[in-house]
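Residue numbers (my numbering): 1 to 443.
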């Protein structure tokens with residue numbers, strides 16, 4: 001049988017059929033609008049986060065209170081992310097994202113008014129932070145999956161990579177604008193600007209249209225009507241999916257014993273390497289540049305895998321070990337760039353697996369489970385790493401942490417390989433060859 005296309009059906013152009021351009025998701029008009037909206041929203045969010053820390057210090061004069069406000073905002077994700085993910089699976093995606101963005105905008109406007117009237121106290125700030133955290137348990141998975149819904153499956157890594165770039169750009173712009181806002185216009189302006197950014201996103205969402213080949217959530221919901229849409233089903237799917245459990249293990253140990261470079265490298269630079277704030281600023285800049293380069297490289301991926309995530313995490317861990325042994329700041333800077341690139345590619349690949357591996361009707365709940373797990377890492381990782389630094393110092397923490405990550409990933413690979421190749425012995429029956437192994441399937 002001939003596989004050639006007839007003249008009436010020309011082969012698709014390479015740029016459309018198998019493009020590996022990191023920007024290929026931006027050829028869709030709705031994705032371009034969504035990326036612009038995300039940039040505006042990220043800039044507004046980082047304006048508010050930067051100003052909020054300053055505001056808490058101004059109200060309380062306590063650095064501990066600043067950490068507490070951040071924990072209060074993150075805590076709802078630990079308990080409610082699974083419920084938020086279930087809501088995202090059950091409700092129309094665009095409506096859910098638009099409403100959650102509007103609610104976050106209302107919270108920002110409320111805070112802006114209280115700050116402008118000098119009526120904001122610590123109790124009010126904590127309540128508003130907690131409400132923000134609750135809304136975010138729905139908003140985060142809804143917006144993440146909405147962006148993926150706009151492009152075909154093979155372009156999802158590009159969409160996630162572009163999103164990572166937008167996040168980095170928004171962070172830099174937002175932090176810079178926060179300084180301008182506080183210096184010239186007052187603290188309340190940052191909250192007001194963030195509220196406007198949320199409303200801008202909410203106004204863009206109704207006009208977004210999926211590209212040809214993208215998964216349409218409304219069709220998925222109709223097909224799954226009457227199916228089990230409970231939180232329990234999402235937990236069951238996650239727990240029974242070996243590749244998702246492996247991804248959770250790799251990401252978890254990397255998050256606890258690595259990746260917190262703003263903490264470990266700050267102590268290394270200002271301590272054993274005898275550098276100052278300027279040296280650490282250079283290291284931080286190189287980390288940011290590496291993250292951007294990594295996001296661009298990751299956006300070229302078409303079918304990321306857990307195996308790729310594990311290999312990159314192990315490579316990053318070994319680079320971390322070498323960085324811990326750096327004799328000077330100059331050598332450290334040379335190592336920091338590939339560390340950041342590897343971390344960024346690994347993160348983007350892992351996110352792509354997480355958002356595309358589950359069936360479409362389960363993705364919200366899977367992201368909800370992931371949100372709860374990630375909150376455990378984000379809250380528990382820094383204290384564990386801090387304790388390790390107290391016991392072993394900055395160099396010891398980097399070296400020990402890197403070796404633990406690499407060893408854990410290596411052990412997991414060996415265990416998986418052993419399980420995949422171990423023969424299963426069948427019970428012999430009359431006429432069978434005794435001891436003949438049955439064929440086993442690879443995981």
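Positions of the beta carbon are idealized from the N, C-alpha and C atoms, including for glycine. All figures in this text were calculated on a predicted structure; none of them were measured in a lab.
Contact between residue 350 and residue 247 holds, since their C-beta atoms are separated by about 6 Å, short of 8 Å. In the three-state reduction of the DSSP assignment, residue 322 falls in the helix class. By the beta-carbon neighbour count (other beta carbons within 10 angstroms, threshold 16), residue 29 is exposed. For residue 31, the uninterrupted alpha helix (DSSP H) run begins and ends at 29 to 60, by DSSP. Each residue's CA atom was taken as its position, placing residue 176 and residue 285 some 14 Å apart.
In this structure the segment 200 to 212 lies against the segment 89 to 97, because at least three pairs of beta carbons, one per stretch, are closer than 8 Å.
When the beta-carbon positions are compared, residue 211 and residue 150 come within less than 8 Å of each other. Taking the Cβ atoms as the reference, residue 279 lies roughly 31 Å from residue 309, outside the contact range of under 8 Å.
Rounded to the nearest angstrom, the gap between the Cα atoms of residue 162 and residue 397 is 33 Å.
Taking residue 89 as the centre and dropping the five residues before and after it, the same chain places the C-beta of 229, 234, 361, 362, 363, 364 and 365 closer than 8 Å to its C-beta, in chain order. Residue 390 sits exposed, since fewer than 16 C-beta atoms from the chains shown fall within 10 Å of its C-beta. Residue 31 and residue 20 have their C-alpha atoms roughly 17 Å apart. Here residue 37 is not near residue 192, since their CB atoms are 8 Å or more apart.
In the structure shown, residue 279 adopts helical secondary structure according to DSSP, grouped into three states.
For the pair residue 214 and residue 154, the Cα-to-Cα distance works out to about 9 Å.
379 is the residue among 293, 379 and 385 whose C-alpha sits nearest the C-alpha of residue 71. In chain order, 342 place their CB closer than 8 Å to the CB of residue 315, counting only its own chain and leaving out the 5 sequence neighbours on each side. The alpha carbon of residue 271 has as its nearest neighbour, out of 324, 311, 318 and 319, the alpha carbon of 324. Cβ neighbours of residue 382 within its own chain (closer than 7 Å, five residues either side excluded): 260 and 263. Boundaries of the alpha helix (DSSP H) harbouring residue 257: 242 to 257, taken from the DSSP string. Secondary structure note for residue 149: its alpha helix (DSSP H) is the uninterrupted segment 122 to 149. A contact is defined here as three or more CB-CB pairs under 8 Å, and the segment 119 to 136 fails this definition with respect to the segment 326 to 338.
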